[in-house]
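Heads up, the thing below is written out as structure tokens.
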Amino acid sequence: MTGRSPRAAAAAIALSVLAAAPSDAFLIAPPGSPGPLPMTVVAQGLDRPGDLVQAGDGSGRLFVVEQPGRIRFVRGGAPSAQPFLDIQALVLSGDERGLLGLAFHPAFAANGRFYVNYTRQPDGATVVARYRVTDGAPDLADPASGEVLLTIAQPYPNHNGGTLRFGPDGLLYIGTGDGGSGNDPGDRAQDPQSLLGKMLRIDVDGGAPYAIPPGNPHASGQGGRPEIWASGLRNPWKFSFDGPTLLIGDVGQDQREEIDAIDATTGAGANFGWRVLEGTRCTGLTGGAPCGTPGFVAPIVEYDHATGCSVTGGEVYRGAGNTVAALVPGTYVFGDFCTGAVYALARTAEPAPADLVELGRTGFNVSAFGRDATGEILVADFGGGRVLRIGAPAPAGVVPVVEFRNAAIDHYFITADAAEIAVLDTGVIAGWRRTGAAFSARSNAAAGTSPVCRYFLAPVPGGSHFHSADPAECDRVRAAFPAFVLETPSAMHVWLPDTLTGACPSPATQDPVYRVWNRRADTNHRYTRDPAIREAMRAAGGVPEGYGPDGVAWCAPR
Ligand SMILES: [Ca+2]
């Protein structure tokens, strides 16, 4: 069950490209003519927004951190007139300093607790503090409830990290920069006795003011500071979790911007390389283990300063389909503060440079990403004081169908169920990885559509599924193959093609989806709208099954 964890997949991206180009892990080529990114304004009138956070309490409020020291929330399209929290008097703000991060306790709806990260007056030291909402007034935090958990002296004004998030383990992760200046002059990111240049992890429920999680690498206090979870970061301005996967945007020095990915359940003690490495480039600076030593975690994406100059780590798309076609559930979206470019990384079974695309240019300094309550991606316009949503939700009822493959048994599986996709993306069911191929389906019945039945054949190792949009075929399988168990009579809705020609009823708005049987005892079917995939499967011994000469199983909404 451990063979293909998200961590392994992340490593594979770096390794596959490293093999091809040892010094350039995964460079994003500067696009020739980037277009504008399609966006919709969600709220405006904010002051230097730097963090976008949902409280997870069902209130529908999107909380926005304003750098000078206020937190507002957006509800019904407008920022709250009265700040949720105003601690400007405590905050030293400007350039890279200010109120930088916000995280709500996983049980916020019950306990009203939340956590902030700011640089304090007058010395710029980093402070992590806990606050509570006011009793009986959920739209107002109690400024008197502030309790400082952690203070970290800052030797220079820049590189303050600032994001904090609760992981799936219920523990609070805190990103710290290397202390600033340039090239980490104190070698703090590699120093286990410094809290700077690290990912810290503390248990805010286990002690006063917090406890050290036993899984931290120096939990006993031996060999380093017990709060350290991972090291070798320069300025992890933004990071996020998707299930167990921790994705970090680590801002580079002068050469390389990078995205790091690691499985939080196994990642304690990771070393991301700075200042020995900037991305995959040896800096020539000493301090930690020598460059080339095994054990540094390589980035999954890096780009140079011809492409951008300051990466803004992002969020994984968990919406139900978007007019921006690259936004399928599981895609990681990030950007560059300087250029305003936004990128999408598909996390696939066999990572390749084609998995990474530029979605377009925002035209502003991208300071943060977030997600709305439906999983759509939000982006913060730092100078313009706006929050915008990328693209638009796909037309009602149309959902992406994501394809997974288990390489060990050479089986394919498709699903349009967002919860099922999210579970498979975690790697909990060993062996299943995205292929990157996808098509669409309707999530509910519409005129002329047919429900797709889904059968499960249990005895095959890893399982095998069969889908059909033909009600007569669904009935035949039930009668003729008792080993196939009907999982659902309507996994999705699609259109049936002409039974003689395989032509779709509305070729201008529908794509044929071909079904290919692997013609093996371990029966498995693949569903694809790509004729090249169909032909490759046929060349490998597969049999197209469906209507017309090419085996069209059904027609999907384009
Ligand atoms: Ca690194």
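Take 220 as the starting number for the sequence shown in the numbering used here and just add one per residue. C-beta atoms are modelled at their ideal positions from N, C-alpha and C, and glycine is treated no differently.
- Around the beta carbon of R652, a 10 Å sphere encloses 16 or more other beta carbons of the protein chains shown; the residue is thus reported as buried.
- Buried is the label assigned to D406, since at least 16 other Cβ atoms lie within 10 Å of its Cβ.
- Apart from sequence neighbours up to five positions away, the residues of its chain that approach G462 with a beta-carbon distance below 6 Å are T645, ordered along the chain.
- Counting of Cβ neighbours within 10 angstroms places Q373 among the buried residues, the total reaching 16 or more.
- When DSSP states are grouped into helix, strand and coil, P678 belongs to the coil group.
- When Cβ pairs closer than 8 Å are counted between the two stretches, the stretch 504-522 is seen not to touch the stretch 595-611, the count staying below three.
- T550: not part of any alpha helix (DSSP H); DSSP gives it neither H nor E.
- I431 is bridged by DSSP to nothing; it lacks a bridge partner.
- Rounded to the nearest angstrom, the gap between the Cα atoms of F583 and F556 is 8 Å.
- When E476, V470, P436 and S529 are compared, the shortest CA-CA separation from T484 is found for P436.
- Between G398 and A449, the C-beta gap is not smaller than 8 Å, which leaves the two residues out of contact.
- Using a C-beta cut-off of 8 Å, the stretch 688-701 makes no contact with the stretch 735-753, since fewer than three inter-stretch Cβ pairs fall below that distance.
- Remark: C-beta atoms of D314 and R289 do not approach each other more closely than 8 Å.
- In this structure, the alpha-carbon of R339 lies about 19 Å from that of L419.
- Chain order is used for the residues whose beta-carbon lies nearer than 5 Å to a heavy atom of ligand 1, namely F491 and G492.
- In this structure, DSSP gives M711 a state outside helix and strand, which the three-state scheme calls coil.
- In this structure, R453 places its C-beta atom within 8 Å of the C-beta atom of H378.
- G355 has its alpha-carbon roughly 27 Å from the corresponding atom of Y429.
- Within the stretch 701-747, the runs of beta strand (DSSP E) at least 3 residues long that lie entirely inside it are, in chain order, 703-707, 712-714, 729-736 and 744-747.
- Cβ contact annotation for G667 (same chain, cutoff 7 Å, sequence separation greater than five): W714 and P724, in chain order.
- Selection D358, Y334, T345 and V352 evaluated against F385 yields Y334 as nearest (Cα-Cα).
- For the options G331, G380 and L359, the alpha carbon positioned closest to that of G317 is the one of G380.
- Out of G451, W456, I431 and P455, the CA that lies nearest to the CA of R444 is found in I431.
- If the five residues before and after G416 are omitted, its C-beta is found closer than 6 Å to the C-beta atoms of D397, R407, A408 and L452, all from its own chain and listed in chain order.
- Taking 3 residues as the minimum length, the beta strand (DSSP E) runs contained wholly in the stretch 585-618 are 585-590, 596-600 and 605-609, in order along the chain.
- Between the beta-carbon of P287 and that of V310 there is about 7 Å, and that keeps the pair under the 8 Å contact cut.
- Per the DSSP secondary-structure output, S459 pairs in a beta bridge with L466.
- In the structure shown, F491 adopts coil according to DSSP, grouped into three states.
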